[in-house]
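Quick mapping for you: the protein sequence lines, in order, are chains A and B. Taking this note's numbering as reference, the numbering of the first sequence is continuous, increasing by one, and the terminal residue is 460. Taking this note's numbering as reference, the numbering of the second sequence is continuous, increasing by one, and the terminal residue is 925. Notes follow the structure.
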Amino acid sequence: MGIHVIKMPDLGEGIAEVEVVAWHVKPGDTVKEDQVLADVMTDKATVEIPSPVNGTVTSLGGKLGEAMAVGAELIRLEVEGAGNHSGESAPAKTATAARQHTDKAAPGGSDTVDEFIPITVAQPETVVTTVTSEATAAPAKAAPQRPATPAYTQGGSHDAGPSHHGRAAGEKPLAAPAVRQRAWDMGIELQYVTGTGPAGRIQHADLDAHVARGQRKAAEGDRRYAVLEGEQAMPVIGMRRKIAEKMAEAKRRIPHFTYVEEIDVTELEALRVQLNARYAGQRPKLTLLPLIMRAVVLAIRKYPSVNARFDDDANIVTTYNPVHLGIAAQTDAGLMVPVVRNAEARDPWSSAAEVARLAEAARSGKALREELSGSTITITSLGALGGIVTTPVINRPEVAIIGVNRIIDKPVILNGAMVARKTMNLSSSFDHRVIDGMVAAEFIQTIRGYLECPATLFVE
Amino acid sequence: MQPISTHLLVIGGGPGGYVAAIRAGQLGIKTIVVEAAQLGGTCLNIGCIPSKALIHAAEEFDKAQHYASGSAIGISASAPSIDLNRTVAWKDGIVKRLTGGVGALLKKNDVQVINGFARILDGKTVEVKQADGELVRIRCEHLLLAAGSEAVELPFMPYGGMVVSSTEALSPETIPQQLVVVGAGYIGLELGTAYRKLGAEVTVVEAADRLLPAYDAELTKPVGAAIKRLGIDLRLGTSVLGLNAGGDGVRVREANGEETLLSCDRVLVAVGRRPRTGGWGLESLQLDMNGRAVKIDDQCRTSMRNVWAIGDLAGEPMLAHRAMAQGEMVADIISGKRRHFMPNAMPAVCFTDPEVVVVGMSPDEADKAGLDVISANFPFAANGRAMTIESTDGFVRVVARRDNHLILGWQAVGRGVSELSAAFGQSIELGATLEDVAGTIHAHPTLGEAVQEAALRALGHALHI
Numbered sequence: 001m002g003i004h005v006i007k008m009p010d011l012g013e014g015i016a017e018v019e020v021v022a023w024h025v026k027p028g029d030t031v032k033e034d035q036v037l038a039d040v041m042t043d044k045a046t047v048e049i050p051s052p053v054n055g056t057v058t059s060l061g062g063k064l065g066e067a068m069a070v071g072a073e074l075i076r077l078e079v080e081g082a083g084n085h086s087g088e089s090a091p092a093k094t095a096t097a098a099r100q101h102t103d104k105a106a107p108g109g110s111d112t113v114d115e116f117i118p119i120t121v122a123q124p125e126t127v128v129t130t131v132t133s134e135a136t137a138a139p140a141k142a143a144p145q146r147p148a149t150p151a152y153t154q155g156g157s158h159d160a161g162p163s164h165h166g167r168a169a170g171e172k173p174l175a176a177p178a179v180r181q182r183a184w185d186m187g188i189e190l191q192y193v194t195g196t197g198p199a200g201r202i203q204h205a206d207l208d209a210h211v212a213r214g215q216r217k218a219a220e221g222d223r224r225y226a227v228l229e230g231e232q233a234m235p236v237i238g239m240r241r242k243i244a245e246k247m248a249e250a251k252r253r254i255p256h257f258t259y260v261e262e263i264d265v266t267e268l269e270a271l272r273v274q275l276n277a278r279y280a281g282q283r284p285k286l287t288l289l290p291l292i293m294r295a296v297v298l299a300i301r302k303y304p305s306v307n308a309r310f311d312d313d314a315n316i317v318t319t320y321n322p323v324h325l326g327i328a329a330q331t332d333a334g335l336m337v338p339v340v341r342n343a344e345a346r347d348p349w350s351s352a353a354e355v356a357r358l359a360e361a362a363r364s365g366k367a368l369r370e371e372l373s374g375s376t377i378t379i380t381s382l383g384a385l386g387g388i389v390t391t392p393v394i395n396r397p398e399v400a401i402i403g404v405n406r407i408i409d410k411p412v413i414l415n416g417a418m419v420a421r422k423t424m425n426l427s428s429s430f431d432h433r434v435i436d437g438m439v440a441a442e443f444i445q446t447i448r449g450y451l452e453c454p455a456t457l458f459v460e
Numbered sequence: 461m462q463p464i465s466t467h468l469l470v471i472g473g474g475p476g477g478y479v480a481a482i483r484a485g486q487l488g489i490k491t492i493v494v495e496a497a498q499l500g501g502t503c504l505n506i507g508c509i510p511s512k513a514l515i516h517a518a519e520e521f522d523k524a525q526h527y528a529s530g531s532a533i534g535i536s537a538s539a540p541s542i543d544l545n546r547t548v549a550w551k552d553g554i555v556k557r558l559t560g561g562v563g564a565l566l567k568k569n570d571v572q573v574i575n576g577f578a579r580i581l582d583g584k585t586v587e588v589k590q591a592d593g594e595l596v597r598i599r600c601e602h603l604l605l606a607a608g609s610e611a612v613e614l615p616f617m618p619y620g621g622m623v624v625s626s627t628e629a630l631s632p633e634t635i636p637q638q639l640v641v642v643g644a645g646y647i648g649l650e651l652g653t654a655y656r657k658l659g660a661e662v663t664v665v666e667a668a669d670r671l672l673p674a675y676d677a678e679l680t681k682p683v684g685a686a687i688k689r690l691g692i693d694l695r696l697g698t699s700v701l702g703l704n705a706g707g708d709g710v711r712v713r714e715a716n717g718e719e720t721l722l723s724c725d726r727v728l729v730a731v732g733r734r735p736r737t738g739g740w741g742l743e744s745l746q747l748d749m750n751g752r753a754v755k756i757d758d759q760c761r762t763s764m765r766n767v768w769a770i771g772d773l774a775g776e777p778m779l780a781h782r783a784m785a786q787g788e789m790v791a792d793i794i795s796g797k798r799r800h801f802m803p804n805a806m807p808a809v810c811f812t813d814p815e816v817v818v819v820g821m822s823p824d825e826a827d828k829a830g831l832d833v834i835s836a837n838f839p840f841a842a843n844g845r846a847m848t849i850e851s852t853d854g855f856v857r858v859v860a861r862r863d864n865h866l867i868l869g870w871q872a873v874g875r876g877v878s879e880l881s882a883a884f885g886q887s888i889e890l891g892a893t894l895e896d897v898a899g900t901i902h903a904h905p906t907l908g909e910a911v912q913e914a915a916l917r918a919l920g921h922a923l924h925i
């Protein structure tokens, strides 16, 4: 048996420290090649660290939420054969064996680490996170409760290690009597609680997490007016901490100037419906978004100063010729901003296809780093949930964000007569340090012009 | 007659009733227990405790006899004798000490005990006929029914004369020459074995085709072998027809259909117990029933508000520890706590020789539940401690889920394995996996090592086999 040490990989972009946001294994676990061991997070993304080998976890290099230096020992595995390490801190017996092996196999190279660790970018920098699904968000949420120290150890030779996820639907909840009793005292029905212990056992911490998630179900009897007691402290780490920092920084540094205008989208909607009918089955179905994207691209030609990034430490505003359009997309893990690169070179169908592809990649955690960064301006839309007005927070260091509100049928006076029109607000925020109100207003009015007379989107 | 008022009225001072009352007293609930006979119920007076005392006495006597004929250990003794009256008096002393203890505990917790026979008038009113014939009426907010169970009688062979139930069998004046035991369940086998060790010729008649039909064949095999060694005549697939005309034998129909006569001077009928539902006005409440038992939900609520039922009265499994747990829970609920009766497992022990203990699911039960399980045995033949107590029969068996190794059940058969029920129950109730038990250091040399080894074996790496 040898020892294989996996070190914190260099995640590029001059990153020196990486935060551990989730451990997927614990000491004693048997891991297979490519099995995800941990999620680590940089300023840019959450990265899954897979195992390059089969083995048994002997120790973890850090605690949850701990910032670890690149190159620090992330995890230590016991493996068949020589392993890659003969450190003194390994158990004496196996260390001796490992040394013998490595001496024979690789003289002088006993402390090498796998140079190549495939990484998958799971989550980009985000603006807002709304957790909607228990399943995919579980690692991040369950993380604070999972002890970083070994809960138990197990013999190493059998293949089928126990799984540590929750139980299948409809299965009887598993909890120790004290946990059961506390759940009843708290008015929690155990069948709704996710168990993170061995074999899906529900633990005290799971009850706390359950309450924190607000999934408390009304118990039998009239609990509608029950007095509630207690509080839940959740450490803000990982993705949440990044979000918190980014939001605070954006709001602290950027004097937001928010401008709301109503757009008559009756014609645009009619066009969209017609286009979809005409190209049904041949081209991707258009939503309003690709048309708005086109309008933004065209408006930027007239007001290039909004398509910019402001390095406010260096006091340099960089405007860009290409339009790399960030599209805020809701995913189960939170709001992500995949980037449609060179949006200026795409027709609406191409944009629609690219948005769909990126959204799917973001949702399934397969988006690449470059697909999740480098935007020069951002559009945020909550679709039917868009409300009538929003005050979007700028995706710093960009200088503008365009918020799309929902479409409303409403009576409008047109040519002296009252008619039913489809209207929609655009709520947009600008960095008032570099974008004057006049420019912002003209930029939005230009977009409005394109959207209200949609032929201009195509004829120019 | 001035009615007495109380918050909780418990009918029956058995394990369920007295535990509920103690707990209620601890919680400051005004509580009255009505008991017609002695506190402690079947368990303390005519069940668990006296039977274990008699079994112990029989074992000791048997051991002494064993020494009289020479033993491998090297001990020899002259032929022992037993003074049955003193044995019964010793047993009664234990019972008295325990029932007296229950009375003291109730008193300590401010529970009022009324000795008398209760009759339900309605869901909140009970009339008690005291020993002196005086009637007292009790009004209550909560009525807890804990009247227990009674031995089932065979209609064609009623109790009386030489036909006895377990109650009488636990206080024998003499040991019969020839005893016929009807029923090879745990009561019949426990007492049949004790009587055999005390010198009776014992024939056990069982209608099913194997003994202890509630348990799987692998588990009961060592019991069957031991019974055979003891010289007990086990007649499986045999049904009882009744006493013969002369009153000195039992007519049975054997598996091959042949009718034979088993001559005997005593018959112990141990064909089960049934909830004691008659004769105390229970029917006036018109409660929903579950067969012969009072129907309850997972909080021991009956179909009538604030009327609760626990223990044997509420049906199978008729076990004292179940009744106690239910009683404690009901008191908690009445005090305003939210509780449910949902244990992961209910331990059950047969004090046969060797003992049998089951907690949770057997492999067959797991299969029937559609679960993919692994199970493993560890035989006591490979356990050092078992050898030193001359008892290498039997094994410990574990049943666990294949996917996550959650332990679903434990079974064991062997001398002294009843004490392993604590470890079994804890591991299942706490949701242990095979790795948890395998990774727990078990003291050497003990029978408990077989528990750890069974878990190790299920994981594919037992050390001592």
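Backbone N, C-alpha and C define an ideal beta-carbon position, used for all residues, glycine too.
Option nearest residue i by Cα separation, candidates the options
i        : options                                   : result
B/Asp616 : B/Val729, B/Lys688, B/Ser529 and B/Gly593 : Here residue 616 of chain B turns out to be Phe, not Asp, going by the sequence shown. The residue with the shortest Cα to Cα distance from B/Phe616 is B/Val729.
B/Ser835 : B/Ser822, B/Pro463, B/Leu658 and B/Pro814 : B/Ser822
A/Gly326 : A/Arg396, A/Thr456 and A/Val36            : A/Arg396
B/Ile794 : B/Gly473, B/Arg736, B/Pro475 and B/Gln486 : B/Gln486
A/Ala226 : A/Met234, A/Ser373 and A/Met186           : A/Met186
A/Ser305 : A/Thr376, A/Ala250, A/Ser51 and A/Asn425  : A/Thr376
B/Ser465 : B/Pro636, B/Ser699, B/Leu603 and B/Thr848 : B/Leu603
B/Cys724 : B/Gln638, B/Gly507 and B/Lys589           : B/Gln638
B/Leu694 : B/Asp522, B/Gly652 and B/Arg726           : B/Gly652
B/Ile536 : B/Lys523, B/Asn545 and B/Leu703           : Note that residue 536 of chain B corresponds to Ser in the displayed sequence, not to Ile. The candidate whose alpha carbon is nearest that of B/Ser536 is B/Lys523.
A/Ala178 : B/Gly500, B/Ala808, B/Ser699 and B/Pro803 : B/Pro803
B/Ala411 : B/Thr491, B/Ala808, B/Val790 and B/Ile574 : The structure shown does not extend to residue 411 of chain B, since chain B is modelled only from 461 through 925, so no value can be given for it.
Residue i - partner residues in DSSP beta bridges
i        : result
B/Val588 : B/Ala578 and B/Val596
B/Met617 : B/Leu614
A/Pro50  : A/Val36
A/Glu262 : A/Asn425
A/Met68  : A/Val18
A/Trp23  : A/Ala38
Beta carbon of residue i nearer than 8 Å to that of residue j
i        : j        : result
A/Val236 : A/Ala248 : no
A/Val317 : A/Val340 : no
B/Leu605 : B/Val767 : yes
B/Ala780 : B/Pro463 : no
B/Thr502 : B/Gly608 : yes
B/Arg713 : B/Glu719 : yes
A/Ser429 : A/Thr319 : no
A/Leu426 : A/Gly403 : yes
A/Val399 : A/Val434 : yes
8 Å contact criterion, which residue i and residue j should meet: CB distance rounded
i        : j        : result
A/Thr446 : A/Lys302 : 6 Å
B/Ile683 : B/Val873 : It is Val, not Ile, that sits at residue 683 of chain B in the sequence shown. 7 Å between Cβ atoms; contact.
A/Pro338 : A/Pro290 : The pair is not a contact, with the Cβ atoms about 14 Å apart (cut-off 8 Å).
A/Val40  : A/Val47  : 5 Å
B/Val586 : B/Ile471 : 7 Å
A/Ile3   : A/Gly83  : 4 Å
B/Val664 : B/Leu649 : 7 Å
Segment contact, 8 Å Cβ cut-off, at least three pairs: the segment 638-646 of chain B with the segment 524-532 of chain B = Segments in contact, no.
task = Count the CB pairs spanning the segment 553-571 of chain B and the segment 474-490 of chain B that are closer than 8 Å, and state whether there are at least three.
result = In the pairwise beta carbon analysis, the segment 553-571 of chain B is classified as touching the segment 474-490 of chain B: at least three pairs are separated by under 8 Å.
query = Quick one: any contact between the segment 901-914 of chain B and the segment 878-888 of chain B, if contact means 3 or more CB pairs under 8 Å?
reply = When Cβ pairs closer than 8 Å are counted between the two stretches, the segment 901-914 of chain B is seen to touch the segment 878-888 of chain B, the count reaching three or more.
ask   = Taking one C-beta from the segment 17-31 of chain A and one from the segment 67-76 of chain A each time, how about it: are there three or more such pairs within less than 8 Å?
value = A contact exists between the segment 17-31 of chain A and the segment 67-76 of chain A.
query = Hey, is the segment 740-747 of chain B in contact with the segment 435-453 of chain A, meaning 3+ C-beta pairs nearer than 8 Å?
reply = Not touching, per the Cβ criterion.
task = Taking 8 Å as the threshold, find out whether the segment 540-560 of chain B comes into contact with the segment 512-520 of chain B through three or more Cβ pairs.
result = Counting Cβ pairs under 8 Å, three or more are found: they touch.
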